[in-house]
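Let me begin by presenting the structure, written as structure tokens, before commenting on it.
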Amino acid sequence: MIFNEKNPPRTFEAGFDIKRIIKDCGMVKLSPDEQITFVTESGNEYDLTRKNFGYYATPSLNGRLKRFDMRAVLVKNRHDQFFIILVEKGKEPLFDKYIKEEKMEVVVWMDNKDVLSTLGNT
């Protein structure tokens with residue numbers, strides 16, 4: 591793994607009606623089969639794993655991610671762009687406020703085995 595810190599971070603605006611400042615703090619370069627873990631102030635974790643074909647963008651949605659008290663949700667913005675967002679359990683009200691401000695729509699919460707099973711049946 592190689593980490594290149596951006597000091598000072600690059601900053602840019604994001605959002606439509608409400609502008610927020612994002613800080614780009616650095617770059618991590620992973621080799622295949624390397625993983626990096628992100629940790630919140632409350633100790634919740636999120637893993638990103640590099641493979642030779644790409645990335646595992648999340649731990650198992652209804653397994654390890656759930657044990658990390660994180661919930662995956664597929665959302666759509668006003669330009670029909672889709673995003674997977676991870677929401678810390680208990681912070682759903684903050685998420686609800688955010689998607690309302692950004693005029694986003696929840697497509698599906700992806701943390702329930704029954705829901706995930708239906709996604710595989712097209």
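The working numbering applies: residue 591 is where the sequence shown begins, and numbers increase by one. Just so it is clear, CB atoms sit at the ideal spot from N, CA and C, and this is done for glycine as well.
So, for E691: in the same chain, excluding its five sequence neighbours on each side, which residues have a beta-carbon less than 6 Å away from its beta-carbon?
Counted from its first residue, the sequence shown places residue 691 at position 101. These residues qualify, in order along the chain: I608.
Return the CA-CA distance between F602 and V663, expressed in angstroms with no decimal places.
Here residue 602 is taken as the residue at index 12 of the sequence shown, counted from 1. Here residue 663 is taken as the residue at index 73 of the sequence shown, counted from 1. Near 25 Å, if we compare the C-alpha coordinates of V663 and F602.
So if DSSP puts A542 in a beta bridge, which residue, or which two residues, is it bridged to?
Because the chain spans 591 through 712 in this model, residue 542 falls outside it and cannot be assessed.
First and last residue of the alpha helix (DSSP H) that includes T708?
Residue 708 sits at position 118 when you count from the first residue of the sequence shown. 703-709 is the extent of the alpha helix (DSSP H) around T708.
Taking DSSP as the reference, what is the three-state secondary structure of R733?
Since the displayed the chain opens at 591 and closes at 712, residue 733 lies outside it and no answer follows.
Between K641 and D614, which are expected to be in contact by the criterion C-beta below 8 Å, what is the C-beta distance as a whole number of angstroms?
On the sequence shown, position 51 is the one that residue 641 refers to. On the sequence shown, position 24 is the one that residue 614 refers to. Not quite, the Cβ-Cβ distance comes to about 24 Å (not below 8 Å), so this is no contact.
Going by DSSP in three states, F606 sits in which element: helix, strand or coil?
Locating residue 606 in the sequence shown gives position 16, where the first residue counts as 1. Here F606 sits in coil by DSSP.
What is the DSSP secondary structure of D686, reduced to helix, strand or coil?
Position 96 of the sequence shown, counted from the start, is the residue given in the question as residue 686. Looking at D686 - three-state DSSP - the assignment turns out to be helix.
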